[in-house]
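Notes to accompany the following structure.
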Amino acid sequence: MVNVELVNEHKIGVTKGTDLEKEVEANFKGECTEVGLYLAMARQAQREGLPEVAEVLRRIAFEEAEHAAHFAEMNGIISENLKENIEKMLEGECKANKEKKAAAKKAKELNIDHAHDFFDESSRDEARHAMMLKGLLERYFK
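Last residue of the sequence shown: 357 in our numbering, with the numbers rising by one and none dropped.
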């Protein structure tokens, strides 16, 4: 085994339980919201025939997602154990699969076809995500 001596590395949970925790949590939520908004704006730019604008907005969304990731690490929203993190996300994907399917049914009952179609499709996406995570767990974390 190779001996690795590191003097500086990223740490998980450095702001958890501190006077900065609330600010980090607020920034995490804000960054996540911005990701969705920038991606929605990118879709609108595409519909308006502005693909270059869409790509800039997608790039900004990705950078906002990176910010959110750092805030998640700072507040210990993820743990230092990758297997545990993947298991937690797998549970979330399964829950999202069910909740989105239920929302699709409700949208159908309300005759909101567009909402039904998207909830139904995204429910299947959540199932696909779950299966990918399950595969990772089975192959790499036995």
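Positions of the beta carbon are idealized from the N, C-alpha and C atoms, including for glycine.
Give the secondary structure of residue i by DSSP, where H, G and I count as helix, E and B as strand, and everything else as coil.
i: residue 238; result: helix
i: residue 268; result: helix
i: residue 294; result: coil
i: residue 216; result: coil
i: residue 223; result: coil
i: residue 327; result: coil
i: residue 233; result: coil
i: residue 315; result: helix
i: residue 357; result: coil
i: residue 228; result: coil
i: residue 302; result: helix
Rank the options by C-alpha distance to the C-alpha of residue i and give the top, closest one.
i: residue 236; options: 285, 267 and 323; result: 285
i: residue 254; options: 234, 348 and 278; result: 278
i: residue 287; options: 302, 230 and 221; result: 230
i: residue 248; options: 262, 275, 301 and 266; result: 275
Which whole-angstrom value describes the C-beta separation of residue i and residue j, a residue pair presumed to lie in contact below a C-beta threshold of 8 angstroms?
i: residue 331; j: residue 319; result: 5 angstroms
i: residue 289; j: residue 239; result: 5 angstroms
i: residue 282; j: residue 308; result: Wrong, their Cβ atoms sit about 23 angstroms apart, outside the cutoff.
Using a Cβ-Cβ distance under 9 angstroms, would residue i count as near chain C?
i: residue 265; result: Among the chains of the structure shown, chain C does not appear; only one protein chain is present.
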